[in-house]
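Residue numbers (our numbering): 121 to 349.
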């Protein structure tokens, strides 16, 4: 039933768009905003049979249109802050588990018209990302709480290829694929907190650092609904 309703809604929207475009003069717009609608479409159409919740990398996208091409921007991120109960009775400390992340992209794209409704776009993105986490009590052992603090900086360069279907002059559905070359820098610090005065101050440990380079392929499985203003 959900699939039938979804197909009927999209069909009605498309037919309305065709009727509107045939009777109105198109206005030129220079700004576009978009949201990731993949999770909504999968949930509504019952296409996601697994129990894993879809989590988009970028929540909001933006484009600025120029005659020679478009600037493209996107941003996404998450954060959490939780307290951890101690495994030791009478422990006066308060332990936290905090994390946050930020993903962004900035790039340039060119557009080619395939038909009245279909477009193809291609370009290049720069993709920085920051990830931070600090857990004061990964585990408790021997009268101490073991903590772990990590930071990661990721810098990527990604060629992009995508397709757009214009529902109206202002409303579109797009999907894209990319192949990113990434450089990642990691920093980690382990520390220990005594759970009472009965345990001596622990030894301090110097932070460790590491670097790596890797590639990542973004499949065209995400669907964005975008609108021009």
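Just so you know, even glycine gets a beta-carbon here, dropped at the ideal spot from N, CA and C.
Which of helix, strand or coil DSSP assigns to residue i
i: residue 187; result: coil
i: residue 162; result: helix
i: residue 301; result: strand
i: residue 338; result: strand
i: residue 271; result: strand
i: residue 313; result: strand
i: residue 154; result: strand
i: residue 279; result: strand
Sub-7 Å separation of residue i and residue j beta-carbons
i: residue 342; j: residue 198; result: no
i: residue 182; j: residue 193; result: yes
i: residue 226; j: residue 246; result: yes
i: residue 292; j: residue 338; result: no
i: residue 282; j: residue 344; result: no
i: residue 315; j: residue 263; result: yes
i: residue 154; j: residue 346; result: yes
i: residue 149; j: residue 348; result: yes
i: residue 222; j: residue 244; result: no
The ligand ATP heavy atom lying under 6 Å from the CB of residue i
i: residue 193; result: Absence of the ligand ATP from the depicted structure is noted, as is the absence of any ligand whatsoever, leaving it without description.
Reference residue i; option with closest CA among the options
i: residue 324; options: 338, 228 and 313; result: 313
i: residue 228; options: 236, 211 and 278; result: 278
i: residue 195; options: 147, 266, 316 and 224; result: 224
i: residue 206; options: 258, 235 and 162; result: 258
i: residue 158; options: 150, 177, 151 and 147; result: 177
i: residue 296; options: 269, 151, 231 and 163; result: 231
i: residue 147; options: 288, 212, 270 and 271; result: 288
i: residue 335; options: 235, 276 and 318; result: 276
i: residue 321; options: 311, 330 and 329; result: 311
i: residue 191; options: 151, 211 and 160; result: 151
i: residue 331; options: 248, 211, 318 and 272; result: 272
i: residue 317; options: 290, 211 and 248; result: 211
Cβ neighbours of residue i in the same chain (closer than 6 Å, five flanking residues each side left out)
i: residue 217; result: 202, 204 and 255
i: residue 220; result: 199 and 252
i: residue 269; result: 254 and 309
i: residue 290; result: 347 and 348
Contact set for residue i: own chain, Cβ-Cβ below 8 Å, skip 5 residues either direction
i: residue 333; result: 301, 302, 303 and 304
i: residue 260; result: 206, 207, 208, 266 and 315
Beta-carbon proximity list for residue i, same chain, < 7 Å, skipping 5 on both sides
i: residue 327; result: 307, 308 and 309
i: residue 237; result: 285 and 286
i: residue 233; result: 239
i: residue 214; result: 203
If we require 3 or more residues per run, which beta strand (DSSP E) segments fall completely within the region 180-261? 180-186, 189-204, 215-233 and 238-261
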